Structure formats: C-alpha cells, structure tokens
Amino acid sequence: MKDIVFEYYQNEVRTYALVHKHIKKHYYFVNTMMILCSVIILTCVFISLFNVGYRKWLIISSIVSMIILSYSVFIFFRAVKRVIRKRYKISVGRRIWKSAKLKELKSNKLTDFLYSKDIKTRWKIEKLIELYKNDKEKSKLPPLIAPSLLVAVLTPNLTQLLFYVYKDKELMQLFDILMLFAGCTFLSLILIAIFTSLIRLKDSIVNDIFQNQNSIREGLIQQLEDLLLRMPDEVEKGQAKDVIKQKEDTEYKVLRRKEIN
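Take 1 as the starting number for the sequence shown in the UniProt record's numbering and just add one per residue.
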C-alpha cells in the first residue's frame, strides 16, 4: 500500500506533477540558465583574480548573463501563474505563486486518495510516515568527502591564494589594506552564496528531473504530517459520537413524551 500511495503522490500531487510538467520547456530552460549563469560568474571571478586585462569584458559577461537569467525567471514565473489560474482556478499574487490554496489543493487530492484506499485513521497514517522514514534512512548514501576533511584540504590552498593576493603590498597605506581586506571578505561571501545556491539548485534539479526518491518521500511525509495535524484525535471523535448519540436519545425521548401526552 505504501508504494501505491507514494506513486500517486509522485505522479499526481507534488508541485512538479501539478505545475512544472505542463511547462517543461520553461522549467528546463530556467534551470539551464541558472547553471550557465553560475558557471559564467564563477569563471569571471577566478579569471579576474589573475588577469586584470580582461576584467571589463568579464564584468560585461556577468551582467549580460544575469539579465538573461532574470528574464528567464520572469517568464517562468509568469508561465507557472498561468497554469495555476487556468487549470486549477486559483488566484495568485504578483510575486508569490505557492499560495495556501495550492497547498490545500495538494492536501485535498492526497486526502481523497487515502480515503478511497480506506486509510482514514491516525494510526494508519502514522504507520505510513514511519515506513517512509525507514525507507529514506535506508536509501541514504554516506558523503564521499566529510565537511571537516573538505575544509582541511581547502584551507592551505585558500591561504596560498590570499598570500598571492597580498604579495608586495608592504608599501600600501592602511586604508588601501583595509579596502583590500574588505574586498576579499566580500568576494568570499559572494563565493559562499554562489556555492550554496548551486547546491540548492542541484538538489532541485535532481529532485524534479532525475526523480530523487528521498526528496519525494520527504515531501510526502510533510503532507501526511500536515494531514495528521488537521485530523481530530480518536478520543475527540469518540466524545463527539457520544454527544451526538446522547442528543439523539434526548430528542427521541421528547418526541415520545409528546406522543403520549
């Protein structure tokens, strides 16, 4: 049963199935542009460190790639909003398209499917969540390079790079040294932000294009946990049934008294 629920969520409920698969050209184009733009900017940054002569053209290339990326993202978001409005009759704002109504649509589709498969109780849903978490843990692969080992390997290389940058700067004034330090720090922050974005982009592309099972399971687990939060407890349901039964008995007794009188 867990495989049936997983397959339904993968093909009918997740965001890629509801929206992105209807605009595949836009989706793949914007992802490709994000990769190319990141590669171009990184290449320009590293080349500008060692060759000042090409800095002007490198800056122009970076600006042009960012403009093209911004335009492709704008076109992609407009296509996404058009799909949501036409196919699901959901109004979306100018900036945010992942609205609460879209989340509610996903939750309702999953709820209806679970009910059709007679999965209506809390313990069944909790069991599904447990099974998916176990599958997720079993399929995890250990990292090829531990983060601490990566830092240990990169630190000497970064130190040598900074030594090359600061070389022959003994005659510089204090203000120039501070500006150089601030520039290197700012450049480091930009590189960290770019690498972080690349990692997130890689995860997104792997999830949607290469059908990463673990990420799909994680999305399904979140949907099921949200469904659990909206379900009444079994005790509350039992109390509600008792109240309804007691009310019906009281109404029946009142009617009987009227008939007797």
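For glycine and all other residues, C-beta sits at the position ideal for the given N, C-alpha and C. Predicted, not measured: the structure shown is a model, and the values here were computed from it.
Through-space distance from residue 109 to residue 13, alpha-carbon basis: 7 Å
Proximity below 8 Å, CB of residue 125 to CB of residue 228: yes
Check whether residue 214 and residue 136 have beta carbons under 8 Å apart: yes
Between the CA atoms of residue 102 and residue 76 - distance to the nearest angstrom: 17 Å
8 Å contact criterion, which residue 41 and residue 221 should meet: CB distance rounded: The Cβ separation is near 35 Å, so there is no contact.
Touch test, the segment 117 to 132 against the segment 21 to 41, Cβ-Cβ under 8 Å, three pairs minimum: no
Sub-8 Å separation of residue 189 and residue 128 beta-carbons: no
Exposure label - residue 216; buried when at least 16 CB within 10 Å: buried
First through last residue of the alpha helix (DSSP H) which encompasses residue 71: 55 to 88
For residue 121, the three-state DSSP class (helix, strand or coil): coil
Contact check, residue 72 vs residue 30, beta carbons under 8 Å: yes
Helix, strand or coil at residue 96 [DSSP, three-state]: coil
Nearest neighbour of residue 116, chosen from 56, 26, 98, 4 [CA to CA]: 4
Residues near residue 47 in its chain [Cβ-Cβ closer than 7 Å; skip 5 each side]: 54, 58
CA-to-CA distance, residue 175 to residue 26, given in whole angstroms: 48 Å
Nonlocal neighbours in the same chain, by C-beta distance under 8 Å from residue 68, ignoring five residues either side: 33, 37
Check whether residue 85 and residue 91 have beta carbons under 8 Å apart: yes
Where the alpha helix (DSSP H) through residue 222 begins and ends: 213 to 230
Three-state secondary structure (DSSP) of residue 45: helix
Residue 8 versus residue 99: straight-line alpha-carbon distance, rounded: 22 Å
Boundaries (first-last residue) of the alpha helix (DSSP H) holding residue 4: 2 to 8
Residue of 107, 15, 182, 218 minimising C-alpha distance to residue 97: 15
CB of residue 231 within 8 Å of CB of residue 94, strictly: no
Span separating the alpha-carbon of residue 22 from that of residue 114: 25 Å
Alpha carbon of residue 20 to alpha carbon of residue 28, nearest angstrom: 9 Å
Neighbourhood of residue 187 by C-beta distance below 8 Å, restricted to the same chain and skipping five residues each side: 45
Exposure label - residue 264; buried when at least 16 CB within 10 Å: Outside the displayed span of the chain (1 to 261) sits residue 264, for which this structure offers no information.
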